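For reference, the structure discussed in these notes is given below.
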Amino acid sequence: MTDVDVVVVGAGLSGLTAARNLQQRGLSVRVFEATGRVGGRVKSAQVAGAVVDLGGTFVGPGQERIIALADEVGVGRYPTHEAGDNLILWRKDLKRYRGLIPPIGAPNLLDLARVRASLERLSRKIPVGRPWDAPHAADLDAQTLGSWLAAKHASRGTHDLMAVVCKTSWGCEPSEISLLYVLHYVAQAGGLDPLLETRGGAVEQHFVEGSHEVAVRVADALGAGTVRLGSPVLRIDWAENEVTVHTDDGPTTARRVIVAVPPALRRRIRFVPDLPAAHRRLSQRWSPGILSKIYAVYDAPFWRASGLSGMSISDEGPIFITFDASPRDASRGVILGFIGGDYAREWDPVDDAERRIRALSSLADLFGKRALDPLGYVDQRWGEEDWLGGGPTAAPGPGTSASMHVQLTEPVGPIHWAGTETATRWAGHMDGAVAAGERAAREVAIAEAVR
């Protein structure tokens with residue numbers, strides 16, 4: 008006798024999707040969430056009359072699973088504003104430009120094209136979902152993106168632009184992340200352009216009601232009492248066909264458990280007996296990057312009157328990239344700014360007032376003095392979240408991908424794994440989180456069918 012068929016640990020998009028799919032297959036489920044809300048790395052807020060996404064924000068073509076889920080629960084989408092000129096603040100010089108590639112001088116542009124082409128060629132050799140089977144996988148994994156750029160004699164401009172990509176995607180610096188991991192990440196997204204482009208890429212659209220609303224509606228549909236908030240899982244006792252999940256409210260028995268938390272947080276749970284050594288190493292070494300976000304809300308998107316798109320890149324920090332996140336009707340002007348890697352390590356620890364001053368000063372350097380006086384301001388420091396602890400996805404260092412990637416999804420007895428890091432397409436994105444939840448639910452359903 009068990010209390011439920013399956014326990015799910017973590018009420019982010021991945022865990023909630025797994026629970027939803029299991030219920031649809033006729034299995035009983037209970038979801039335990041350590042924090043006081045659902046959503047995990049998606050979180051929204053109302054700021055001066057505008058909905059802002061403090062966590063996962065954008066969706067785009069090819070991200071069918073999150074789009075299908077949002078459509079099923081009735082959360083709409085609208086296009087990211089991109090009309091007008093982009094801005095780049097580079098070596099103290101502010102310039103306008105159009106398209107994806109900024110004007111950083113002909114020699115730098117040629118070098119950037121050379122390095123990007125080389126990175127793309129290498130990524131096409133990485134088997135999606137099986138990076139350890141890539142040619143020379145161990146050698147690629149022994150390098151960082153930064154050491155590879157140095158070996159390619161990348162110019163300073165190329166290196167700095169790749170650092171912007173690194174901070175945005177993984178919340179780290181090029182010197183901190185495994186080259187094999189980067190190549191696989193690019194491969195499973197279909198290339199660099201889908202990761203970076205607005206139209207036709209991963210930042211093409213926003214959710215009208217905010218991404219968090221998807222999680223809220225999925226959780227509500229699971230039924231009263233299914234999701235237990237403020238209930239961190241402290242220990243999981245497991246045998247071949249049964250688990251006992253312990254929280255402060257006591258034990259819950261089930262036939263299987265899906266652990267849908269970032270890899271580094273797996274080690275916050277005591278497993279009895281211990282997980283195999285390879286799984287323990289994964290949780291120790293697949294730590295997240297650090298990425299923070301700010302939103303400044305104005306009475307109107309004033310930059311559009313000057314022919315600006317709201318998108319910008321800066322090499323001065325703390326904000327290094329911005330987007331126009333205004334609502335579809337432009338009833339408010341909303342600028343989203345990212346602060347990651349070394350910038351976030353310096354910015355995150357300072358007090359609220361100082362963080363605001365530094366962030367708005369960054370925006371003023373780009374968009375003028377009017378940016379200093381928003382109707383509302385909010386920031387989100389994901390590195391300060393106790394039960395999340397970092398960026399949008401893992402940022403594993405050298406020597407961690409070829410030998411440990413398989414443990415992301417490999418079941419251990421009745422223990423299964425979910426979370427965006429475990430996806431084979433769009434890992435690190437909301438789509439990857441949903442797809443991973445669906446995959447874990449299928450694994451459990453198949454295992455139950457053959458019991």
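For the sequence shown, position 182 matches number 189 in the numbering used here, and the numbering has no gaps at all.
Every residue gets a Cβ at the ideal spot worked out from N, C-alpha and C, and that includes glycine.
All values reported here derive from a predicted model rather than from experimental measurement.
Item	Value
My assumption, with CB atoms under 8 Å, is that G444 sits in contact with T24. Please give the rounded CB distance.	3 Å
By how many angstroms is the C-alpha of A447 removed from the C-alpha of D322?	41 Å
Mind listing, in chain order, the continuous alpha helix (DSSP H) runs of no fewer than 4 residues lying wholly within the segment 358 to 440?	359 to 374
I need the DSSP call for D60, collapsed to helix, strand or coil.	strand
Tell me whether the beta-carbon of V250 lies closer than 8 Å to the beta-carbon of V266.	no
Under 7 Å Cβ to Cβ from G217, same chain only, skipping five residues before and after it: list those, please.	S51, V58, D60
Along the chain, where does the beta strand (DSSP E) containing W97 start, and where does it finish?	92 to 97
Three-state secondary structure (DSSP) at A77?	helix
Going by CA-CA distance only, name the one from T329, A285, N28 that's closest to I95.	T329
Per DSSP, what kind of secondary structure is D322 in: helix, strand or coil?	coil
Please go through the same chain and pick out, in chain order, the residues whose beta-carbon is closer than 6 Å to the beta-carbon of S430, but skip the five residues on each side of it.	The sequence shown places Ala at residue 430, rather than the Ser named in the question. Result list for A430: G439, A442, A443, in chain order.
Looking at E391: is its Cβ nearer than 8 Å to the Cβ of D355?	yes
Here's the rule: buried if 16 or more other CB atoms are within 10 angstroms of the residue's CB, otherwise exposed. What is Y188?	buried
Which runs of the beta strand (DSSP E) spanning at least 3 residues fall entirely within the segment 180 to 222, listed in chain order?	212 to 214
For S319 versus Q387, is the C-beta spacing smaller than 8 Å?	no
Starting from Q31, trace the beta strand (DSSP E) in both directions and tell me its first and last residue.	No beta strand (DSSP E) holds Q31; the alpha helix (DSSP H) holding it covers 20 to 31.
Look at the Cβ atom of R242, then the Cβ atom of H253, and state whether they are nearer than 8 Å.	yes
Between V210 and G81, which are expected to be in contact by the criterion C-beta below 8 Å, what is the C-beta distance as a whole number of angstroms?	Not really, about 23 Å apart at Cβ, beyond 8 Å.
Between L116 and T165, what straight-line distance do the alpha-carbon atoms span, to the nearest angstrom?	8 Å
What are the start and end residues of the beta strand (DSSP E) that includes Q53?	51 to 54
Using DSSP with H/G/I as helix, E/B as strand and the rest coil, what is P86?	strand
Are there 16 or more other CB atoms within 10 angstroms of the CB of H143, so buried, or fewer, so exposed?	exposed
Could you tell me which residues DSSP pairs with K300 in its beta bridges?	F345, Q387
Buried or exposed: where does V172 fall if 16 or more other Cβ atoms within 10 Å of its Cβ makes it buried?	buried
Report yes or no: do three or more beta-carbon pairs, one from the segment 286 to 302 and one from the segment 345 to 362, lie closer than 8 Å?	yes
To the nearest angstrom, report how far apart R121 and K159 are at their CA atoms.	9 Å
DSSP state of H253, grouped into three classes?	strand
Measuring only the C-alpha atoms, how far is S368 from G314?	21 Å
Take G17 and list the residues in its own chain whose beta-carbon comes closer than 6 Å to its own, dropping the five residues that flank it on each side.	A267, V268
Residue ranges of each beta strand (DSSP E) run of no fewer than 3 residues wholly in the segment 131 to 165, ordered along the chain?	none
Under 8 Å, with one C-beta from each stretch per pair, do the segment 410 to 419 and the segment 285 to 295 reach the 3-pair mark?	yes
Quick one: what does DSSP say P295 is sitting in, helix, strand or coil?	strand
Give me, in chain order, the residues of the same chain whose beta-carbon lies closer than 6 Å to that of H191; leave out the 5 immediate sequence neighbours on both sides.	I133, P138
CB V45 to CB V385, shorter than 8 Å?	no
May I have the straight-line CA-CA distance separating W2 from S182, to the nearest angstrom?	Nothing in the structure corresponds to residue 2, since the chain is present only between 8 and 458.
If the criterion is Cβ atoms closer than 8 Å, does the pair A351 and L343 meet it?	no
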